[in-house]
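Before any comments, here is the structure.
There are 2 protein chains.
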Amino acid sequence: VGRRRQGYHGGRGELVVVVDCTDLERAARFWTHALDYVDAGGGGTRYCTLLPSDGVGIEVLLQRVPEAKAGKNRVHLDLRTADLAAEVSRVLALGARVLTAKPLEEFGWEWHVLADPDGNEFCVIQPPSGHWDEADR
Amino acid sequence: VGRRRQGYHGGRGELVVVVDCTDLERAARFWTHALDYVDAGGGGTRYCTLLPSDGVGIEVLLQRVPEAKAGKNRVHLDLRTADLAAEVSRVLALGARVLTAKPLEEFGWEWHVLADPDGNEFCVIQPPSGHWDEADR
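Protein chains in written order, with this note's numbering: chain G, 159 to 295; chain C, 159 to 295.
Have a look at this one:
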């Protein structure tokens with residue numbers, strides 16, 4: 159399978175998102191299903207490489223750490239979707255927890271804050287209608 | 159300019175990395191230069207959209223937050239490079255701080271931990287020689 163990596167700086171290097179966890183297998187199960195990525199393994203008991211199943215896009219590297227999470231993540235992933243309710247249901251079924259009692263809303267964007275099995279916050283967020291079309295002009 | 163977004167789950171949605179900061183302009187200046195992204199603006203005084211200057215890849219959304227950083231980031235970016243020393247020098251000149259006195263090393267990977275102007279950790283990391291070639295087979 160061909161693989162187009164997420165470059166940065168005009169091909170100078172590769173950009174990767176690293177996510178801390180305490181249980182590599184559990185985190186890999188969640189994030190591969192949430193994103194439709196594949197577990198490319200590697201990294202022994204410390205790391206696990208997740209790659210887009212269609213070969214295009216950024217690598218997510220899971221990193222096992224000894225310490226538990228404390229405080230809110232200062233870097234997080236957003237999953238933008240055209241159907242907030244359906245997407246929230248889907249990731250809840252995969253083991254996420256929802257942290258917001260009802261959707262937050264700002265400038266026509268609506269979202270929920272959720273947590274992965276390690277408590278890492280991420281958002282499922284629905285842009286205002288027309289967002290993707292307009293950005294393509 | 160055409161724009162290929164970072165999809166996830168077979169086109170179901172778009173994946174975005176959100177980075178907290180206390181000063182949008184300062185963070186935008188740093189990350190656009192570090193990654194060769196462009197500041198696409200938008201989001202008023204609260205958000206700032208950064209996009210790859212070549213139109214391909216993941217959006218980085220800067221989010222202004224009132225609280226200062228506390229504790230180590232549980233999600234961070236890795237900048238993989240073929241030349242660790244040169245890349246560390248480059249991002250230091252842009253306003254990063256280096257947190258490691260000497261490079262860390264594991265399984266032939268060598269890296270430094272740095273912090274962006276808000277203290278968000280990121281790594282500049284050099285894979286073992288042959289890493290990219292092998293992954294392409």
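Where a beta carbon is used, it is the ideal one built from N, C-alpha and C, also for glycine.
Treat the numbers as computed from the prediction; the structure is a model and nothing was measured.
Where residue i falls, given that 16 or more other Cβ within 10 Å makes a residue buried
i      : result
C/V338 : In this structure chain C extends from 159 to 295, so residue 338 of chain C is not present and cannot be described.
C/G266 : exposed
G/A226 : exposed
C/D274 : buried
Inter-residue spacing [alpha-carbon to alpha-carbon] between residue i and residue j
i      : j      : result
C/L173 : C/K260 : 34 Å
C/A251 : G/G168 : 18 Å
C/H289 : G/S287 : 42 Å
G/R295 : C/E264 : The predicted position of G/R295 is uncertain, since its pLDDT is 45 and thus under 50; a value taken from the coordinates is nonetheless stated next. Each residue's alpha carbon lies about 45 Å from the other.
C/T180 : C/N278 : 11 Å
C/T258 : G/D291 : 44 Å
G/D276 : G/V177 : 10 Å
G/V159 : G/G199 : Note that G/V159 has pLDDT 45, beneath the 50 cutoff, so the model's placement of it is unreliable and the number below is only indicative. Straight-line Cα distance between these residues: approximately 16 Å.
G/R162 : G/L193 : 17 Å
C/S247 : G/S247 : 45 Å
C/C206 : C/Q164 : 17 Å
C/L262 : G/A243 : 44 Å
C/G171 : G/Y195 : 13 Å
C/T239 : G/R232 : 24 Å
G/V256 : G/Q284 : 15 Å
G/V175 : G/D241 : 25 Å
G/A254 : G/E268 : 18 Å
C/E245 : G/E245 : 38 Å
C/P210 : G/G201 : 29 Å
G/F280 : G/E217 : 17 Å
C/Y166 : C/H270 : 30 Å
G/G111 : C/D212 : One cannot answer for residue 111 of chain G here, as it falls past the ends of chain G, which runs 159 to 295.
7 Å Cβ cut-off: residues of chain C touching residue i
i      : result
G/L257 : Residues of chain C passing the Cβ test: none, with the nearest at roughly 15 Å.
Presumed contact (8 Å Cβ cut-off) between residue i and residue j, rounded CB distance
i      : j      : result
C/T190 : C/D197 : 5 Å
C/V282 : C/L237 : 5 Å
C/V249 : C/L235 : Actually they are not in contact, since the Cβ atoms of C/V249 and C/L235 sit about 11 Å apart, beyond 8 Å.
C/A228 : G/G215 : About 31 Å; that fails the 8 Å criterion.
Under 9 Å from the C-beta of residue i: neighbouring residues of chain C
i      : result
G/A243 : The contacting residues do not exist; G/A243 stays about 13 Å from chain C at best.
G/V177 : R232, V233 and H234
G/G215 : Q164, G165, Y166, L173, G215 and I216
Chain G residues whose Cβ lies nearer than 8 Å to that of residue i
i      : result
C/L193 : Y166, H167 and L173
C/G229 : A228 and G229
Neighbouring residues, chain G, relative to residue i (Cβ below 9 Å)
i      : result
C/L219 : D236
C/D212 : G165, G168 and G169
Cβ-heavy atom distance, residue i to the ligand HEM, below 8 Å
i      : result
C/H191 : Annotation note on the ligand HEM: not contained in the displayed structure, which lists no ligands.
Under 8 Å by beta carbon: chain C residues contacting residue i
i      : result
G/R170 : D194, T239 and E245
Residue-chain proximity (residue i, chain B), Cβ-Cβ < 9 Å
i      : result
G/D181 : Checking the listed chains, one finds no chain B in this structure; the protein chains it contains are G and C.
Does the count of Cβ pairs from the segment 219–233 of chain G and the segment 179–195 of chain G closer than 8 Å reach three? yes
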